[in-house]
Amino acid sequence: MHHRSLDPQLLFLLFVNAAVVVAAMVLTGPEFTSAYNFQSMASQVPELGLLALGVMLAMISGNGGIDLSGIALANLAGIVGYQIAVATVDPSVAPLSYILVFSCGALLIGVIGGAINGALIGYAGVTSIIATLGTQLFFTGVAVGLTGGSAQMLGYIPMFDSFGNVPVMGIPLTFALFIIIALAVAAMLKFTKFGTHLFLMGSNAKAAYFAGIPVRSVLFRTFFLSGILASVAGIVIAARTSSVKWDYGTSYVLAAILIAVMAGVRPQGGYGRVVCVVLSASALQLLSSLFNFMALSNFFRDFAWGVLLLMFLAFSRFDYRTWLPMRRPS
Amino acid sequence: MTTMSEATTDAPAAGEDAMSRSTLYKGRAARWMVRHPAVFPFVLLVLIGLVVGTINPFFWQLANLFDILRAAVVPGLLALGVLVVLAAGGLDVSFTAIAALVMYPVAVFVSGSAPDLGIAPILLMGAVAGGLLGTVNGILVNVLKAPALIITIGTQYAFRGLLLTFVGTALFTNIPASMTRFGQLALFRGTTQSGLNVALPAFVLVFLAAAVVTWLVLNRTLIGRAIYAVGGSSDIAARLGYNVSRVHLFVFAWAGMLAGVAGIMHVTANRLANPFDLAGTELSVIAAVILGGARITGGTGTVLGTVMGTLVITLINNVLILVGVPSNWQTAILGAFILLAGLFYARLDRLAAGR
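If you read the sequences in order, they're chains A and B.
Residue 330 is where the first sequence ends in this note's numbering, and the numbering goes up by one at each step.
Residue 685 is where the second sequence ends in this note's numbering, and the numbering goes up by one at each step.
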């Protein structure tokens, strides 16, 4: 599962990243490779990347596992965090505690939302598609209900704004946070019992159950984690845009799944690598920026994402079939 | 089913007789509910009707009831398509994109090139175009062998992007005369005491006809048997000699066809074609089918249950305002209903299996 560090998927993703950069240089000129543009792209990767990590965890768990509620929960977390912070702290007097209250409130919603998903799927036995479809509508609905559908402005808080938008030593802080979280998730999958259990359960749920793996608790923790990742995405979005809104990033449901599938995570469960998800998120961001540089519309981007998703499904199928027999003898 | 009930009766020890009997009865009741999936949404329908009707008697006015029926036509047609795909063990979320990608070009094309075309050929065009787009889904599911949800998320974005990038984004109001006429055709027309004109639109019959035909396909044809067999277990169905690929092609084409018809009906009912319409209603349509007792795991689901489920969802969307629930909270309540239905059926399945 983990023994080859340079699997074909990883090489392929590195190649895609490089190819998009080269294509961009040819098609749009040198501004694309300016430090400013790379920083701006890097600061846009985390929100989608975090959601994609959540989708990856859900997919690895197997049995058609998927988390469709990610962006809805991220937005709800931002909104509730904002409402708690505004009600308790005056941002002009104590900006740091305002940010802390906001972040803790958002994380709390991630914990609650993740626990709801986890309990529904792990303990109540609801299929993950139904459960997360329901919670997606529910989280969105609560967000609309709380705000009346309008955007909530956080106001300009220098510290928070610079976390979202000002790079330190050339690296956007949100991107650094994303990389740290990705490393933590990767380490968890590789070195903890939970990680081992998750992969085993995703490969064969029945065998895992009879081997004594606590299937329900593993499922609960998987979706719980995904919820927390979503709320961190919500905080990052708020920092970057200085506002929270219930319908931010409506196309992220697809984009997060696209990133996971492009990263070679098996939709049937049992396989997925964090490093590939990070590279896949960056490839998508490069492509998205390229479309922006070429002044292509958002509708075209949606079209391209849909076609890309199907192409990568085709690719992974081809890839899967060709190297399965090679692994048999070992 | 019978082997499962035997397993539950002999499992508990002698001392737990009373308990095992109660589990047995619960199991029996659960299995009865599983066999009659229309009961749960029907009870919900009656409950909502009674509660809302008591709080606000306007609910029972003919005008309101006709409005609900009218609003149920498009989601109902879409839901019948989802039912057939679910019964075969798949899931389709691209149907609203198909409906939009069919309705807009058809309306534009007919009014530009053949403005005198009757409603029947227009519906046929919609059905054929939708069926072809659905077939694309079916082929992709067969070739890519990935979960149908993920494939149809891809085609949903591709179809919608195709429409908005290459076909058009402008509101189209100059729709063909035959569609306008069909939209206004009434089965029943009357005036209430308050002087309000009420009419039951004739296009409700399109939904009825689609429901009857889908029922016939599922219950009276070989392909219907094959759909439930493949949905129950595609491996076993394949070993029994069912052609699984052909079933996939059929169900996605059928769902696409119904989506095409739904798109045409949407334009007919609203008398305009908006390419941004219908997108985002997938979830409530799927919710209607789930409420109607079809399992996401496949092999189950009935037309009657789906029709009931559609009515429940349409009711929730239309009557909350009558009882003073602010429209801002309607999405949350819809989500809660889906979760409740999911919980109810998950519990039911465990009881029916005697666990």
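Beta carbons are placed, not taken as given, at the ideal position from N, Cα and C, and that holds for glycine.
Note that the structure is predicted; figures quoted are calculated from it, not measured.
Within a Cβ cutoff of 8 Å, which residues of the same chain sit near residue i, ignoring the five residues on either side of it in sequence?
i	result
H596/B	V404, A429, M433, D607 and L608
A24/A	F32, T33, L286, S289, L290 and F293
A343/B	In this prediction, A343/B has a pLDDT of 47, which is less than 50 and means its spatial position is unreliable; nothing more can be read from the coordinates.
Y572/B	A556, A559 and V560
G170/A	A35 and Q39
I235/A	A77, G78, G81, F102, S103, A106 and L107
L515/B	P531, A532 and F533
T322/A	Bear in mind that a pLDDT of 49 at T322/A, under 50, signals an unreliable position, so the number given afterwards is only what the model happens to contain. No residues qualify anywhere along the chain.
L324/A	Low confidence applies here, because L324/A scores a pLDDT of 47, under 50, leaving its location unreliable and the question unanswered by this model.
N17/A	L279, S282, A283 and L286
M331/B	Low confidence applies to M331/B: its pLDDT is 36, below 50, so where it sits in the model is not reliable, and the reading given next is rough at best. R361.
D90/A	Y98
A207/A	L200
T135/A	S69, A72, L73, G113, I116, N117 and L120
Quick one: residues in its chain with C-beta nearer than 6 Å to the C-beta of residue i, no 5 flanking neighbours on either side, listed in chain order?
i	result
R328/A	For R328/A, the pLDDT reaches just 43, beneath the cut-off of 50, and the residue's location in the model is therefore unreliable, although a value from the coordinates is still provided. Contacts found: none.
R677/B	none
A409/B	V615, A618, V619, T636 and T640
V26/A	none
G562/B	G629
F160/A	I99 and A239
F12/A	none
L681/B	K356, G357 and A360
A333/A	With chain A covering 1 to 330 only, the question about residue 333/A has no answer from this structure.
A671/B	I620 and L621
Which residues in the same chain as residue i place their Cβ atom closer than 7 Å to its Cβ, once the five residues preceding and following it in sequence are excluded?
i	result
V713/B	Coverage of chain B is limited to positions 331 through 685, which leaves residue 713/B absent and any answer about it impossible.
V20/A	A283, L286, L287 and L290
L501/B	L602 and N604
G383/B	F389 and W390
V185/A	L53 and V274
A205/A	G62, N63 and V215
Please identify the residue among the options whose C-alpha is closest to the C-alpha of residue i.
i	options	result
L146/A	L678/B, L670/B, S657/B and F674/B	S657/B
G379/B	S564/B, A682/B and L652/B	L652/B
A141/A	I646/B, S352/B, W659/B and D679/B	Per the sequence shown, residue 141/A should be read as Gly rather than Ala. If we check each option's Cα against that of G141/A, W659/B comes out closest.
V114/A	F312/A, V55/A and R221/A	According to the sequence as given, residue 114/A is Gly; it is not Val. The shortest C-alpha separation from G114/A is found at R221/A.
G122/A	A230/A, G306/A, F224/A and L50/A	F224/A
M587/B	L374/B, L462/B, G383/B and L392/B	L462/B
F372/B	F425/B, L621/B, G631/B and D679/B	L621/B
T250/A	L13/A, T28/A, G29/A and A74/A	A74/A
G65/A	G623/B, A682/B, I553/B and A476/B	A476/B
L454/B	A359/B, L650/B, V536/B and A666/B	V536/B
L57/A	A239/A, V307/A, W246/A and L200/A	L200/A
L230/A	I213/A, A295/A and V253/A	Correcting the residue identity first, residue 230/A is Ala in this sequence and not Leu. Comparing Cα positions, the closest option is V253/A.
S564/B	N472/B, A427/B, L546/B and A666/B	N472/B
P332/A	M41/A, L310/A, S97/A and L120/A	Residue 332/A falls outside the range modelled here, since chain A spans only 1 to 330, and no answer is possible.
G62/A	V86/A, L309/A and G269/A	G269/A
A151/A	D302/A, Q83/A, G110/A and A207/A	Q83/A
L120/A	F139/A, R216/A and P158/A	R216/A
H366/B	R511/B, M638/B and N648/B	M638/B
V55/A	G148/A, Y209/A, K193/A and A260/A	A260/A
Find out if the Cβ-Cβ distance for the pair residue i, residue j is shorter than 8 Å.
i	j	result
A529/B	F396/B	yes
A256/A	L48/A	yes
I130/A	I663/B	no
S733/B	L447/B	Here chain B comprises residues numbered 331 to 685, so residue 733/B is not present and cannot be evaluated.
A124/A	L494/B	no
P46/A	F178/A	yes
G264/A	S316/A	yes
S43/A	T174/A	yes
L183/A	L189/A	no
A393/B	T522/B	yes
A599/B	G513/B	yes
G460/B	A589/B	yes
W584/B	G464/B	yes
Report, in whole angstroms, the separation of the C-beta atoms of residue i and residue j, which I expect to be a contact under 8 Å.
i	j	result
I643/B	L133/A	About 13 Å separates the two Cβ atoms, so there is no contact after all.
L407/B	G631/B	With a Cβ gap of about 16 Å, L407/B and G631/B do not count as contacting.
L474/B	L258/A	Contact doesn't hold; Cβ gap of about 14 Å is too wide.
G70/A	L219/A	No, G70/A and L219/A are not in contact; Cβ-Cβ is about 17 Å, not under 8 Å.
V436/B	T544/B	Wrong, their Cβ atoms sit about 22 Å apart, outside the cutoff.
Compute the minimum distance between the beta carbon of residue i and the heavy atoms of the ligand ADP, and state whether it is under 7 Å.
i	result
A529/B	What this structure holds is no ligand at all, so the ligand ADP is not there to describe.
### Query
At what residue ranges does the segment 155-225 of chain A contain a whole run of the alpha helix (DSSP H), taking only runs of 4 or more?
158-165, 173-191, 193-203 and 205-210
### alpha helix (DSSP H) segments (min. 4 residues) lying fully within the segment 26-113 of chain A
Correct list: 35-60 and 70-88.
### Query
Which whole runs of the alpha helix (DSSP H) in the segment 556-642 of chain B are 4 residues long or more, in chain order?
Whole alpha helix (DSSP H) segments, 4+ residues: 564-569, 574-600 and 612-621.
### Query
In chain order, which alpha helix (DSSP H) runs of at least 4 residues are fully inside the segment 218-275 of chain A?
252-262
### Task
Output the residue ranges of the alpha helix (DSSP H) runs that lie fully inside the segment 376-463 of chain B and measure 4 residues or longer, sorted by chain position.
392-417 and 425-443
#### Entry: Ordered list of beta strand (DSSP E) runs contained in the segment 462-532 of chain B, each at least 3 residues
516-521 and 527-531
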